[in-house]
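Take 8 as the starting number for the sequence shown in my numbering and just add one per residue.
Written below as structure tokens is the structure these notes are about.
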Amino acid sequence: MPAAFISRDLAPTHALRALAVLEAAGHEAWIVGGWVRDALRGCPAHDVDVCTDATWQQSEVHETGIKHGTVTAIVCGQPVEVTTYRIDGDYSDSRHPDSVTFVRDVREDLARRDFTVNAMAWHPDRGLLDPFGGCEDLAAGLIRAVGDPARRFEEDALRILRAVRFACRLGFFIESGTQAALEAAAPTLNRVAQERIGSELRGIVATGRASWAIREQREVMFAALPELAPMDGFDQRSPYHVYDVLEHTLRVMEGVESLTSEGASERLRWAAMLHDVGKPTCFTIDNRGQGHFFGHPAEGMRMARALLRRLAIPHELAQPIVALVRYHDRPTQPNVSSMLSLIASVDAMSGLRERSEVIRLMRELLCLRRADALAKAPECRGYAYELNEHERVLGQIEREGLCWRVRDLAVSGGDLIRECGMSPGPAVGEALSRALGAVMAGELRNDHDEIIAWLARSLAE
Ligand code: ATP
Ligand code: MG
């Protein structure tokens with residue numbers, strides 16, 4: 008049991024100041040929600056939310072944005088969310104309350120919050136206010152709904168996914184009554200706006216424990232991401248595989264965590280989850296009864312792109328994920344030209360600007376491939392070690408600044424017009440592409456004069 012005590016020193020000065028200003032004006036104010044939960048766990052780094060009986064018109068703190076009684080106050084240069092005590096009206100659509108009513112008692116505000124560990128308030132003088140046993144659940148590692156779980160999930164189905172997200176984040180279990188209600192309510196997730204689902208899924212994936220969520224909260228995760236469901240129990244009928252598509256995928260997700268000491272990037276985590284999402288659609292059986300998944304990376308790319316768009320995952324995150332899915336399985340030799348051609352393909356799809364960012368993504372692709380190999384049949388796992396050679400070649404490409412982009416060539420379109428007598432037009436771009444192809448294949452050095460001479464010769468032919 009953690010000491011149900013938060014030392015005043017843990018609270019950021021700007022938050023204490025916000026409380027002091029509100030209370031000096033005759034109002035009551037508390038710190039609530041995530042900061043209190045995390046401070047009790049010994050991690051007081053969470054942003055601070057303040058709750059008060061003052062409505063924003065009355066509050067003395069400087070308001071910068073007002074939405075449904077929420078003010079983002081800038082106190083001592085730091086943002087503090089200040090909300091007025093409220094209860095939600097009916098949820099006729101399982102999405103948002105039809106109305107919000109301001110109330111006088113902080114306990115009523117705490118009662119509308121989702122889980123006991125999130126429904127505590129703290130004040131530097133008055134101490135902890137914990138009407139629903141949040142502190143005890145925190146010590147026991149339990150996510151428990153405040154009040155009747157079935158009713159709470161009916162009010163807002165997003166709470167189903169929030170429960171899973173907090174369980175993943177904190178490494179907690181879901182209390183059995185809450186768990187039963189959540190499973191029963193899982194199908195109602197289809198009423199929740201896709202971008203809200205997307206943002207909770209991002210939260211789940213970012214914990215690195217999405218494989219736990221899929222194993223233990225299968226129905227919830229399938230309801231949130233229906234593309235995962237056909238993978239469950241899908242027999243690959245292949246000598247390369249000993250697991251069905253979903254079990255293989257879960258092992259790849261766990262593999263990228265162990266290969267990165269649980270430090271995988273958010274995009275690598277998504278890509279591990281989605282890398283084989285195209286497999287069920289692409290399944291064929293040959294006349295010897297062996298299963299194949301021809302074209303599954305391209306199909307996976309299409310599916311990943313569509314589902315990430317539907318979930319409103321930002322484009323800058325979605326593009327590299329899609330590139331990892333598309334190229335997770337492309338045959339590559341551990342030599343410079345083969346690796347350069349893979350890098351060029353990944354680059355074109357990733358939307359990344361800097362060469363160094365593309366190299367970083369390539370390292371993540373190799374990590375995905377390693378995890379993929381290690382989750383196949385024992386005979387295939389050696390490929391994970393062969394990838395050390397690919398990694399070495401990648402290091403060489405990075406060190407030597409070898410080029411895979413037209414703009415890295417030692418000649419520009421202008422040079423071709425001036426020095427080879429070409430007229431402006433598409434032919435210039437085509438000539439540059441040919442030169443790049445030859446440089447990448449190791450047939451031509453990336454040297455201005457050599458490229459000009461090579462192109463002049465080829466144009467004369
Ligand atoms: P984090 O931001 O670190 O994920 P948090 O606890 O701050 O965790 P938020 O989603 O920022 O979570 O919400 C702030 C608080 O508002 C929560 O602690 C919870 O008390 C309450 N809350 C948020 N969303 C809901 C909801 N859908 N239903 C009920 N209460 C909610
Ligand atoms: Mg928060």
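Yeah, the Cβ is synthetic: ideal placement off N, Cα and C, and Gly gets one too.
Between I204 and L253, the CB-CB gap reaches or exceeds 9 Å. Counting C-beta pairs closer than 8 Å gives fewer than three between the region 338 to 348 and the region 219 to 233, which falls short of the contact rule. In the structure shown, L136 falls within a strand segment according to DSSP collapsed to helix, strand and coil. Put simply, the backbone Cα of L359 is about 47 Å away from that of A61.
The Cβ atoms of A22 and V82 lie closer than 9 Å to each other. Secondary structure remark: continuous alpha helix (DSSP H) runs of at least 4 residues inside the region 244 to 317, in chain order: 252 to 266, 273 to 281, 286 to 289 and 303 to 317. Counting C-beta pairs closer than 8 Å gives three or more between the region 190 to 201 and the region 151 to 164, which meets the contact rule. With a threshold of 8 Å, the Cβ atom of L23 does not count as near ligand 1, since no heavy atom of the ligand is closer than that.
Judged by their CB atoms, S357 and A330 are nearer to each other than the 9 Å cut-off. It is roughly 26 Å from the alpha-carbon of H34 to the alpha-carbon of P104.
Relative to ligand 2, the beta carbon of H282 is positioned no closer than 8 Å to any heavy atom. If you draw a straight line from the Cα of I328 to the Cα of G215, it comes to about 15 Å.
Those residues placing their Cβ nearer than 5 Å to any heavy atom of ligand 1 are, following chain order, G40, G41, R120, D121, N125 and D163. Within the chosen limit of 8 Å, ligand 2 does not reach the beta carbon of D116 with any heavy atom. For R93, the enclosing beta strand (DSSP E) has its first and last residue at R93 to D95. DSSP places E323 within a helical segment (H, G or I) once states are collapsed to three.
Between the region 48 to 57 and the region 82 to 92, the count of C-beta pairs closer than 8 Å reaches three or more; the two stretches touch. Distance from the Cα of I211 is smallest, within the candidate group A170, G389 and E202, for A170. Beta-bridge annotation (DSSP): F12 is not paired with any residue. Membership of T214 in any alpha helix (DSSP H) is not indicated, and neither H nor E is assigned to it by DSSP.
Burial state of T59 is buried, judged by a 10 Å Cβ sphere holding 16 or more other Cβ atoms. No heavy atom of ligand 2 is found nearer than 8 Å to the CB of H248.
The alpha-carbon of Q224 is positioned some 28 Å away from that of V39.
DSSP, reduced to helix, strand and coil, places F241 outside both helices and strands of the structure shown, so it counts as coil. Our two residues, Y92 and E323, have alpha carbons roughly 37 Å apart in a direct line. Across the structure, L347 and H397 are spaced so that their CA atoms are roughly 11 Å apart. Residue environment: A187 is assigned as exposed (fewer than 16 neighbouring CB atoms within 10 Å of its CB, all protein chains considered).
Around the CB of R295, fewer than 16 other CB atoms lie within 10 Å, so the residue is classed as exposed. The C-alpha of I350 is placed about 27 Å away from the C-alpha of G432. Between the region 374 to 381 and the region 423 to 441, the count of Cβ pairs shorter than 8 Å is below three; the stretches do not touch. Under the three-state reduction of DSSP, E162 is assigned to helix. Ranking A174, E468, W411 and A463 by CA distance to the CA of G444 puts W411 first. Between L257 and R222, the gap from beta carbon to beta carbon is short of 9 Å. Cβ-Cβ distances below 8 Å link Y98 to P104, D105, E161, E162 and D163 in the same chain, with the five nearest sequence neighbours on each side left out; the list follows chain order. By the Cβ test, the region 281 to 299 is not in contact with the region 171 to 187, since fewer than three Cβ pairs between them sit closer than 8 Å.
A direct Cα-to-Cα measurement between I459 and R333 gives close to 35 Å.
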